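Be aware that the sequence shown starts at 2, since it is given in the numbering used here, and climbs by one per residue. Ideal placement from N, C-alpha and C gives every residue a C-beta, glycine not left out. Note that the coordinates shown come from a computational prediction; the quantities given were computed from them, not determined experimentally.
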Amino acid sequence: MNLYDEVLLEHNRHPRHFRAMADATFTGEANNPLCGDRIAVYLRIEEGKVADASFEGKACAVAMASASLMTLAVRGQSLDELPALCHSVIAFLNGKTAAAPVEILASLARVRDYPVRIGCSELPWKSIQDALKVQP
């Protein structure tokens, strides 16, 4: 099995919502000191839900694709449920649950076959935890 399927490659080549957000309600950042990857996440909350999500940073293809998919997965999610979603996604990426908590993230399952790349795929989700000041 190849780590880089077409979905991950497409989200790396053309990341969705790759931009800073001036009117963000929450911002957070995570980095991987081993490789230098850094992802900053921006969330705008309206009426208790994620109305907009974006990211920026310099990172490997896996982290960029995960961040792009993350911006799609969190839109419309309740702010109250977002910490649990982050925990569920990280559990999924680490093989502790079989199914992706949001269908759009299913293509990230192949990362589990490459343990050294799991941290890459977790980076945007840890950025959200940082934004919300959630304990990992």
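Sixteen is the threshold: since fewer than 16 other Cβ atoms of the shown chains lie within 10 Å of the Cβ of Ile105, the residue is exposed.
Around Tyr43, the same chain offers Met22, Ala25, Thr28 and Ser55 as residues with beta carbons nearer than 6 Å, after the five sequence neighbours per side are excluded.
When the beta-carbon positions are compared, Pro125 and Ile46 stay at least 8 Å from each other. When the alpha-carbon of Gly49 is set against those of Met65, Glu30, Pro34 and Arg76, the nearest one is in Arg76. In this chain, the beta strand (DSSP E) harbouring Glu47 covers Asp38 to Glu47.
Secondary structure note for Ser89: its alpha helix (DSSP H) is the uninterrupted segment Leu83 to Leu94. The beta carbon of Ala107 sits closer than 6 Å to the beta carbons of Ala101 from its chain, once the five residues preceding and following it are set aside; these are given in chain order.
Counting along the chain, no alpha helix (DSSP H) covers Gly29; the unbroken beta strand (DSSP E) around it starts and ends at Phe27 to Asn33.
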